[in-house]
Amino acid sequence: MKNETVTRAQISDALRKRLGLTRSQSLNSIDCVLDEITEVLKEDEEVKLPLFGVFFSRQKKERIGRNPKTLEEAKISARRVTGFRLSRLMKDRVDMSIKKRNTQQYK
């Protein structure tokens, strides 16, 4: 199985080829989308991208944790966390692709 991370530059190249943009235009487009998602999340709102998924943020309460090395208790402060939930359609597409790849791998 191939574990490769897709980079911003690779997404930019794909946009450039598909839409006929310059490298600068495609990078600016990506930055603009990511900036907008960031601004919406800062306002504690969700970003819903139909057929793709939802970016969300939520507040976590303070709690007591444990240092795994020393087993000593430690206070974990309250904080805001950001997450992403894949849409059902996208999840099904990804699962189908993985199953297809695994089936071909064992033939």
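Residue numbering for the sequence shown follows the working numbering, starting at 377 and increasing by one per position. Ideal Cβ positions, reconstructed from N, Cα and C, are used throughout, including at glycine.
(1) Between the alpha carbons of residue 479 and residue 448, how many angstroms are there, rounded?
(2) Return helix, strand or coil for residue 419, following the three-state DSSP convention.
(3) Roughly how many whole angstroms lie between the Cα atoms of residue 377 and residue 477?
(4) On the criterion of 16 or more Cβ atoms from any shown chain inside 10 Å, does residue 402 qualify as buried, or is it exposed?
(5) State the beta-bridge partners of residue 452 as determined by DSSP.
(6) Using 8 Å as the threshold, is the C-beta distance between residue 432 and residue 459 below it?
(7) What is the DSSP secondary structure of residue 414, reduced to helix, strand or coil?
(8) Report the rounded CA-to-CA distance for residue 409 versus residue 384, giving the unit in angstroms.
(9) Could you have a look at residue 433 and say whether DSSP puts it in helix, strand or coil?
A quick look at the data gives this:
(1) In this structure, the straight-line span from the alpha carbon of residue 479 to that of residue 448 is close to 47 Å.
(2) Coil at residue 419, not helix or strand.
(3) Caution applies to residue 377, whose pLDDT of 45 falls short of 50 and renders its modelled position unreliable; the value that the coordinates give is listed next. Taking the Cα positions, residue 377 is about 9 Å away from residue 477.
(4) Flag for residue 402 reads buried.
(5) In the DSSP assignment, the residues bridged to residue 452 are 439.
(6) Between residue 432 and residue 459, the CB-CB gap stays under 8 Å.
(7) Here residue 414 sits in helix by DSSP.
(8) For residue 409 and residue 384, the distance between alpha carbons rounds to 12 Å.
(9) Residue state, collapsed to three classes: strand.
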